[in-house]
Structures are given as C-alpha cells and as structure tokens.
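**Student:** Heads up: the protein sequence lines correspond to chains A and B, in order. Here the first sequence is numbered in my numbering, starting from 1 and rising by one per residue. Here the second sequence is numbered in my numbering, starting from 313 and rising by one per residue.
There are 2 protein chains.
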Amino acid sequence: MHQMLVLTPQPDDYLRLITEAALPDLQVVASADVADGLARGGHSDILLGDPTRVKAALPHLPQLVWTQLTWAGVEPMLDPSLRRDYVLTNIRGVFGPLMSEFVFGYLLLFERQVLARLESQRAHRWDTTLPGTLRGRTLGLVGVGSIGTHLAGTARHFGMRVHGYTRSSRACADVDQYFHGEDRTAFARGVDYLVITVPNTSETRALVDAEMIGALPPHAVVINVGRGRTVDEAALAEALQAQRLGGAVLDVFSEEPLPSTSPFWTTPNTFITGHTSAPSFPRDIVGVFADNYRRFHAGHPLRHRVDFERGY
Amino acid sequence: MHQMLVLTPQPDDYLRLITEAALPDLQVVASADVADGLARGGHSDILLGDPTRVKAALPHLPQLVWTQLTWAGVEPMLDPSLRRDYVLTNIRGVFGPLMSEFVFGYLLLFERQVLARLESQRAHRWDTTLPGTLRGRTLGLVGVGSIGTHLAGTARHFGMRVHGYTRSSRACADVDQYFHGEDRTAFARGVDYLVITVPNTSETRALVDAEMIGALPPHAVVINVGRGRTVDEAALAEALQAQRLGGAVLDVFSEEPLPSTSPFWTTPNTFITGHTSAPSFPRDIVGVFADNYRRFHAGHPLRHRVDFERGY
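This is the structure:
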C-alpha cells in the first residue's frame, strides 16, 4: 500500500479525480494547508503538489520516494539547500494546447486591432479599418520543446512561417527554419512575433538580451510564457517605452507578483497576464499522475522525470 | 482577345497582380471610379469588382459575358430589376482562414478574459484569475459551407466539439453532431458559441429568431459573420441588454453602416467590427480570378458560379 499526500489549492477536486481513477494500493490525504497535510499524511511516500507547497513539505516527509509536481516549472525544487534523494517528475504535454490558446488569442488581438476597434465602438463610429492577417507572418520560437512544438502546429494551421531558435534540436517538422548559438540576431531580425518558451536554466538566463531585442523589427511583439529571467527586462521595458517594438504580452517576470513599481504596468501596447497562460487544471494533472502512478506501481520508469543537474 | 473592366477601391494592386499572372488574350482597364472605368472599358466582356460598383456598371456593359465578384456576398446582384444575362461568379474558399482568425480571436478574448485582465493591469493589480479554455466547449455553426467547414477544422484543433445546423448537408467530417429543420432550439441549447455563416436568402432570413436566441445558454456568445438579416436583431439586442447572453461579436447588420441609434453600440459584452471579418485581399481575389479566367479562356465551366434563383 502506498500513501500519497496532495498539497494544492484545490484538494477536493484532486481527491475526487484521484478516487475516480481507481488506482491500486493507494491511500490519499489532500489539503490546501501544508501543516494540516503533514499532520495527517506525514508518513507518505508519494507527494503531489505545486512547487511552493512541495518545497515547504519536503523536509518533513522521511519516507518520500516520489514527488509529482502540478506545474511545468521546477526552479523552487532546484534550491541547493533542498534534498534530492527522491524522484521528481513535472507536468509536460498538457500545457501546449493551453499555451496555444493564450499565444494565438493575443496574436489575433494585435492583428485584428481589437482594442482600436473597441475605441471606435465607444465613439459609435463604424470602423472599417482593414485587419492584418497571421497568414504569411513569421512566428519566432525561442525554445522548441513540447510547448513550442504545439505552438508551431497552431501557427501552421493559421498559415504562418515558423522559425525556431534552439541549442541544437531540429526535431519539430513544423519549424521552417532553425537557428542556433550565434545566430540569435539573425533569428530576431526575421520574426514578427517572438515567443519565449524555454525553462529558466543557467543557459537561458537573459538569453533574450538587449542585442536580441534590438535586432527585432519595430513592429515585432514579444510574448513571454517561459520564465522572466530569460529576458533582460530592463532592455525590454526600454524598447517598449521608446516604441521600438510593436508590443509585449508578458505572463512571467523575474519577480512575481510584479512589483507595483515595475515599468511594465504602463509601457505602451503591453499586456500583463499574471502567470495564468497555462493553468494546471486538476483533470489534466490527475491524468498525468494516474499514468505515472501505474508505472510506479508496476516498477517501470516514470515519465517527465526532472534531472536536478540539468534543471528541467 | 478579351477585355476586362476592374472596378475596386484598389485598382493599382489589381492591375499589377493581374499583369503578374500573365493571362493570355486579356486586356485590362482598372479604376476605383465607375464612370471613369466605363469611359475607358465600356466595351468589356468581363467585369471584376465589388457588388456596389458592379451593380452600378451592369446596365452600361452591352458586351458583358462574365462578372467575377470580389466578395462572397451577392445580394446586390439579385435585385430583380437587374439583368441576369451573364455568368456571375463570387469568391469562395479564401475567406475561411480569415474568418477563422476573426472568430477564434474573439472566442479567445472571451475565454481568456482579456478585457478584465486589462482593467486589472490599469489598476496595477496582479490578476491571477484562472482563464477558461476552448477545449471541451461546443461551437455551434449555423451553416456549414466552405467558411463553416474551415471554422470546424480550427475548432477541432483547439479541442472543441462542433455542432452544425444545416438544411440537410452532413458533408463536413469535423462536425460532431448535425441538426436540421425543427431541431433549431435543441441545437441552440447545446452550444457555447453560436457562429452564423449562412448567406442571406429567403430561407435564412431571421433564422436566428427570438425562440432560438432564447434557447441559448446564458453564457453563450453569438458571433455573426454571415448577414445581418439572418438574425432577429431586436430580439438579440434585448437578450444582450438583459444579460441573458454572454455576449456578441457582430460584424454584419441589416443596415450598414450601423445607424448611430442602434442599441448594439452599448449592449453589454458586444463587439462591433464594421464588416471587416474577412476582407478581400487583392492577392487572394486575383488568385481565384486567374484560375477562373484560364477555364473561361479554355471554354471550361467556371468555379463558384452563382445561381440567381437559389441566391448563392
């Protein structure tokens, strides 16, 4: 018999969905409160939760063998002061479709001039300004992992060209042209929309720097759904303020919540979305967990295992 | 040798693109002005233009054999006082992708609560409200022609269910469930987003009436990219005003430009887009025309021929 502790803001949803999955030899305690969860489930060998709660619970679970995060991002778990004597798995695969909804919702907001039309409407003015179209535009993906691959598929559906900037991978067939290493500015020069999807690692920190931002065309829009530290935020804010860019859609920041003093609240054509681009819906997360639990129970390797050294 | 008169707001673009197409035995006169065009090209056997200009020029072209419209909508040509002694073709096939951008841009605006997030941003508030998702939602198509078929494909890409209301057709494989005839309210009850794509004919007039609007779920959003007369506009305005609907995106109206006295300017959660959902980009139109001209020149049947009796 395995014992699992679930620590999330939606303990009832998780308990119901895990019960419905009818997993063998599994007892579950679920709570939104770490202390309450530990009091009732401190002897658990499996932990499922969001990074903040998992980090708080980690030192108090002597029998821990496996932790399944409910997020894609794993940075809090990489803190060198934390234990690493357990298997850590994260969520991959389910965020691609949600990220696609987010990214293309905002791309179409720009192309269709939705806000300008709304201004006309408020003035009771029949606005026949011709819209733009995504067809023929170029989407530039910084990182082509599972999320980037899904975005590339959606871009192709809308008739866009897709450029990808990766360390070395050329695995995604929906990418028309790949760039690597020193090709950063050549990559930036050719894109209409730049979408950052890479995780936060030592290699990606400030990858989108002043030089890369400066190479973007003046109509380009920067969309960050990866991690704030991948971008030189000061350089981006300056470019937006000077209107050297078409705009930005920023879901993530180096400091969250975004401080009230941040320039991004008021830079032109900027959309701030509070780290909501691809939420962890319990049904999706339990689907990934249930598949992994069956592997765990059968003694097979788990999916989406995080390499503590590599950082993802 | 054939002689063609082109009457559009973009005569230079059309002239350049038609010249580039290098069509055999074709001389072209292009103008934005009907009188000017007739003065120079009154002996033309081919006419290409938008419905308003075409209607004005029709009585003055004694040698007319074929008219290619630059629009999908053909109503002005159906006026019983106008001649019908020529072949009329319209544009089909190129508007589906543009309509898809329009419809899904607004669907995502609703699901992602874009305007509410923008309000938070204006108050410098970090808004972590969870978004909705299109996945699992039901798109209801009133009419599943070439545009509806394209919308169904995009809906499937985003993981939506698709219901279709048609006279009898069941041709589109991306439609999960079909409804016909008296099933109008059963159809309406099951949809989250209702998209109207049918042409304006005697059969579609006020098809979306008070009964059908009343059967929609209270969160449903109505999107009209067909023709204004397909909807009972008074009933729709009343439902929106009473917030018995989630909202509306209205590109077309029975009277255009929309009169300044229309209630739609101020009904809640309503977006007015000035008949811009799928503009006729000259490159697309010339592509359709060039294909048809080669058929005409070879004596083959033309594509997208309009049946004056049927009305589309």
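Using N, Cα and C, we set each Cβ at its ideal position, and we do this for glycine too. None of these values were measured; they are calculated from a predicted model.
Three or more C-beta pairs under 8 Å: does that hold for the segment 4-22 of chain A against the segment 44-59 of chain A?
**Tutor:** Segments in contact, yes.
**Student:** Rounded to a whole number of angstroms, what is the C-alpha to C-alpha distance between residue 419/B and residue 559/B?
**Tutor:** As a first step, residue 419/B is located in the second sequence; it is residue number 107 there, counting from the start. As a first step, residue 559/B is located in the second sequence; it is residue number 247 there, counting from the start. Each residue's alpha carbon lies about 11 Å from the other.
**Student:** Should residue 232/A be listed as close to the ligand NAD, given that the test is whether its C-beta is under 6 Å from any heavy atom?
**Tutor:** In the structure shown, the ligand NAD is absent, as is every other ligand, since no ligand is present at all.
**Student:** Return the residues of the segment 146-176 of chain A that lie within a Cβ-Cβ distance of less than 7 Å from chain B, sorted by chain order.
**Tutor:** Listed by position along the chain: 154, 157, 158 and 159.
**Student:** For residue 131/A, decide whether its Cβ has a neighbour in chain B, counting only Cβ atoms nearer than 7 Å.
**Tutor:** Residue 131/A sits at position 131 when you count from the first residue of the first sequence. Interface residue, yes.
**Student:** Among 592/B, 571/B and 564/B, whose alpha-carbon lies nearest the alpha-carbon of residue 583/B?
**Tutor:** The residue labelled residue 583/B in the question sits at position 271 within the second sequence. Ranking the options by Cα distance to residue 583/B, first place goes to 564/B.
**Student:** With respect to the alpha helix (DSSP H) encompassing residue 156/A, which residues constitute its N-terminal and C-terminal limits?
**Tutor:** For the purposes of this step, residue 156/A is taken as the residue at position 156 of the first sequence. That run of the alpha helix (DSSP H) goes 146-157.
**Student:** Ordered along the chain, which non-local residues of its own chain (more than five positions away) have a Cβ less than 7 Å from that of residue 398/B?
**Tutor:** Here residue 398/B refers to the residue found at position 86 of the second sequence. Cβ neighbours of residue 398/B beyond the five flanking positions: 376, 377, 378 and 379.
**Student:** Identify the continuous alpha helix (DSSP H) that holds residue 427/B and give its terminal residues.
**Tutor:** In the second sequence, residue 427/B corresponds to position 115, counting from 1. Its alpha helix (DSSP H) spans residues 426-434.
**Student:** What are the residues in the segment 521-552 of chain B lying within 7 Å of chain A by C-beta distance?
**Tutor:** Those would be none; no residue qualifies.
**Student:** DSSP beta-bridge partners for residue 399/B?
**Tutor:** As a first step, residue 399/B is located in the second sequence; it is residue number 87 there, counting from the start. Per DSSP, 378/B.
**Student:** Can you tell me which residues form a DSSP beta bridge with residue 597/B?
**Tutor:** In the second sequence, residue 597/B corresponds to position 285, counting from 1. DSSP, once it has assigned bridges, lists no residue as partnering residue 597/B.
**Student:** Do you know how far the Cα of residue 448/B is from the Cα of residue 470/B?
**Tutor:** As a first step, residue 470/B is located in the second sequence; it is residue number 158 there, counting from the start. As a first step, residue 448/B is located in the second sequence; it is residue number 136 there, counting from the start. Each residue's Cα considered, the two are about 9 Å apart.
**Student:** Counting only runs of 4+ residues fully inside the segment 182-234 of chain A, write out the alpha helix (DSSP H) ranges in chain order.
**Tutor:** As far as the segment 182-234 of chain A is concerned, its whole alpha helix (DSSP H) runs of at least 4 residues are 184-189 and 210-215.
**Student:** Note down, in chain order, every chain A residue with its Cβ under 9 Å from the Cβ of residue 423/B.
**Tutor:** Counting from one through the second sequence, the residue named residue 423/B turns up at place 111. Those are 101 and 105, listed as they occur along chain A.
**Student:** If you drop the 5 nearest sequence neighbours on each side, which residues of the same chain put their C-beta closer than 8 Å to that of residue 29/A?
**Tutor:** Counted from its first residue, the first sequence places residue 29/A at position 29. For residue 29/A, where only same-chain residues beyond five positions count, the Cβ hits under 8 Å are 3, 4, 5, 6, 37, 40, 41 and 44.
**Student:** Could you check which residue in 156/A, 126/A, 123/A and 207/A has the C-alpha nearest to that of residue 139/A?
**Tutor:** If you number the first sequence from 1, residue 139/A lands on position 139. Out of 156/A, 126/A, 123/A and 207/A, 156/A has the C-alpha closest to the C-alpha of residue 139/A.
**Student:** Check the Cβ-Cβ distances between residue 260/A and every residue of chain B, and say whether any is below 7 Å.
**Tutor:** Position 260 of the first sequence holds residue 260/A. It does; some Cβ of chain B falls within 7 Å.
**Student:** To the nearest angstrom, how far is it from the Cα of residue 435/B to the Cα of residue 600/B?
**Tutor:** As a position in the second sequence, residue 435/B is number 123, starting the count at 1. As a position in the second sequence, residue 600/B is number 288, starting the count at 1. Rounded to the nearest angstrom, the two C-alpha atoms are 49 Å apart.
**Student:** Using the beta-carbon count (16 or more within 10 Å), is residue 568/B buried or exposed?
**Tutor:** Within the second sequence, numbered from 1, the residue matching residue 568/B stands at position 256. Answer is exposed; the Cβ neighbour count stays below 16.
**Student:** I want to verify the contact list: residues of chain A whose CB lies under 7 Å from the CB of residue 584/B, in sequence order.
**Tutor:** By one-based count along the second sequence, residue 584/B stands at place 272. Those within 7 Å of residue 584/B in chain A are 121.
**Student:** Using a 10 Å radius around the Cβ and a threshold of 16 neighbouring Cβ atoms, would you call residue 168/A buried or exposed?
**Tutor:** Along the first sequence, one-based indexing puts residue 168/A at 168. When all chains shown are included, residue 168/A counts as exposed.
**Student:** Only counting the same chain, and skipping five residues up and downstream in sequence, which positions put a Cβ closer than 6 Å to that of residue 228/A?
**Tutor:** Numbered from 1 along the first sequence, position 228 holds the residue referred to as residue 228/A. Hits under 6 Å: 252, 253 and 254.
**Student:** Taking only the alpha-carbon atoms, compute the straight-line gap between residue 241/A and residue 210/A and give it to the nearest angstrom.
**Tutor:** Along the first sequence, one-based indexing puts residue 241/A at 241. Along the first sequence, one-based indexing puts residue 210/A at 210. Distance between the alpha carbons of residue 241/A and residue 210/A is about 14 Å.
**Student:** Within the continuous alpha helix (DSSP H) that includes residue 104/A, where are the two ends?
**Tutor:** In the first sequence, the residue the question calls residue 104/A occupies position 104. That run of the alpha helix (DSSP H) goes 95-111.
**Student:** Taking the alpha-carbon positions, what's the residue 536/B to residue 334/B distance?
**Tutor:** Looking up residue 536/B in the second sequence gives position 224. Looking up residue 334/B in the second sequence gives position 22. Each residue's Cα considered, the two are about 38 Å apart.
**Student:** In three-state DSSP terms, what is residue 389/B?
**Tutor:** Position 77 of the second sequence, counted from the first residue, corresponds to residue 389/B. Helix.
**Student:** Thinking just about the alpha-carbon of each residue, which of 546/B, 339/B and 344/B is nearest to the one in residue 322/B?
**Tutor:** Reading the second sequence from its first residue, position 10 is the one you call residue 322/B. Measuring from the Cα of residue 322/B, the nearest candidate turns out to be 344/B.
**Student:** Hey, does residue 591/B have any beta-carbon neighbour from chain A nearer than 7 Å?
**Tutor:** Against the second sequence, residue 591/B aligns to sequence position 279. By this cut-off, residue 591/B is an interface position.
**Student:** Per DSSP, what are the beta-bridge partners of residue 360/B in this structure?
**Tutor:** The residue given as residue 360/B occupies position 48 in the second sequence. 318/B and 380/B, per the DSSP bridge assignment.
**Student:** For a cutoff of 7 Å on Cβ pairs, would you count residue 50/A as touching chain B?
**Tutor:** By one-based count along the first sequence, residue 50/A stands at place 50. With 7 Å as the cut-off, residue 50/A does not count as an interface residue toward chain B.
**Student:** For the alpha helix (DSSP H) that contains residue 16/A, what are its first and last residues?
**Tutor:** Here residue 16/A corresponds to residue number 16 of the first sequence, with the count starting at 1. That run of the alpha helix (DSSP H) goes 11-21.
**Student:** Look at the Cβ atom of residue 407/B, then the Cβ atom of residue 602/B, and state whether they are nearer than 7 Å.
**Tutor:** Locating residue 407/B in the second sequence gives position 95, counting from the first residue. Locating residue 602/B in the second sequence gives position 290, counting from the first residue. Cβ atoms of residue 407/B and residue 602/B: not closer than 7 Å.
**Student:** Where does the unbroken beta strand (DSSP E) through residue 249/A begin, and where does it stop?
**Tutor:** The residue given as residue 249/A occupies position 249 in the first sequence. Per DSSP, residue 249/A belongs to the beta strand (DSSP E) from 247-250.
**Student:** For the beta strand (DSSP E) that contains residue 353/B, what are its first and last residues?
**Tutor:** As a working mapping, residue 353/B is identified with position 41 in the second sequence. Unbroken run through residue 353/B is the alpha helix (DSSP H), 346-353; no beta strand (DSSP E).
**Student:** From residue 492/B to residue 475/B, what does the alpha carbon distance come to, in whole angstroms?
**Tutor:** As a first step, residue 492/B must be located in the second sequence, where it is residue number 180. As a first step, residue 475/B must be located in the second sequence, where it is residue number 163. Near 11 Å, if we compare the C-alpha coordinates of residue 475/B and residue 492/B.
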